[in-house]
Structure formats: structure tokens, C-alpha cells
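*Asks:* What follows is a single structure, and I will ask about it in a moment.
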Amino acid sequence: MKTVHSIHAAKTNLSRLVKKASAGEEVVIARGKTPVVRLVPIDADRPCRRFGVMRGHARVTNAFFEPLPAEELDAWER
621 MKTVHSIHAA KTNLSRLVKK ASAGEEVVIA RGKTPVVRLV PIDADRPCRR FGVMRGHARV
681 TNAFFEPLPA EELDAWER
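When we follow my numbering, the leftmost residue of the sequence shown carries the number 621, and every step to the right adds one.
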């Protein structure tokens, strides 16, 4: 079921609207009579980051530690 709320009503009842959207109800927020946003739940959890996952996949040579050429330094300073 779709419900439409004004921005003022949405600010006043935000926690209730979030609860409705989390339960699967479509919640639309309108500016005047024009719908502008739809409140929907986030489906998936963000994946965890693992430290060192790229270990062994990238190589740093000694050239990385050498000073940059003058024209490269000039380009960075612009």
C-alpha cells in the first residue's frame, strides 16, 4: 500500500514512516501535491572490509621511492 505524506508531516513523523517503510510499505514524500522522494528500506548489509586482502597482488619497485621528474612536479603544482 502506498502512502503520500507532506514534507512537514514527514519531518514530524519520521520514525513512524521509517518503521512503515522497513515493514515493506511504500512511503512517498511530496512537496505540495508533487511527489519528490520515496522512502525505501536498505536490502543488504555492507560487506566487511578485510585488512590485507590485496597482499601479494601489487608490487612496489624501487622506482616508487625515486624523486619525480621536474615536469611531473610542475604538473602537480598547477
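Here a beta-carbon is modelled for each residue, glycine too, at the ideal position from N, C-alpha and C. These numbers were taken from a predicted model, which means no experiment stands behind them.
Assuming contact is defined by CB atoms lying nearer than 8 Å, are E646 and R636 in contact in what I supplied?
*Replies:* Position 26 of the sequence shown, counted from the start, is the residue given in the question as residue 646. Position 16 of the sequence shown, counted from the start, is the residue given in the question as residue 636. Against a cut-off of 8 Å, the Cβ pair of R636 and E646 comes out as no contact.
*Asks:* In whole angstroms, give me the CA-to-CA distance for D694 and P687.
*Replies:* By 1-based counting over the sequence shown, the position of residue 694 is 74. By 1-based counting over the sequence shown, the position of residue 687 is 67. Rounded to whole angstroms, D694 to P687 spans 13 Å at the Cα level.
*Asks:* Can you tell me whether R670 is helix, strand or coil according to DSSP?
*Replies:* The residue labelled residue 670 in the question sits at position 50 within the sequence shown. Coil.
*Asks:* Taking the straight line between their C-alpha atoms, what separation do you get for P661 and A629?
*Replies:* Stepping through the sequence shown from its first residue, residue 661 is reached at position 41. Stepping through the sequence shown from its first residue, residue 629 is reached at position 9. Straight-line Cα distance between these residues: approximately 19 Å.
*Asks:* Look at the alpha carbon of V638 and the alpha carbon of T632, and state the distance between them as a whole number of angstroms.
*Replies:* Numbered from 1 along the sequence shown, position 18 holds the residue referred to as residue 638. Numbered from 1 along the sequence shown, position 12 holds the residue referred to as residue 632. Using only the alpha carbons, I get a separation of about 12 Å.
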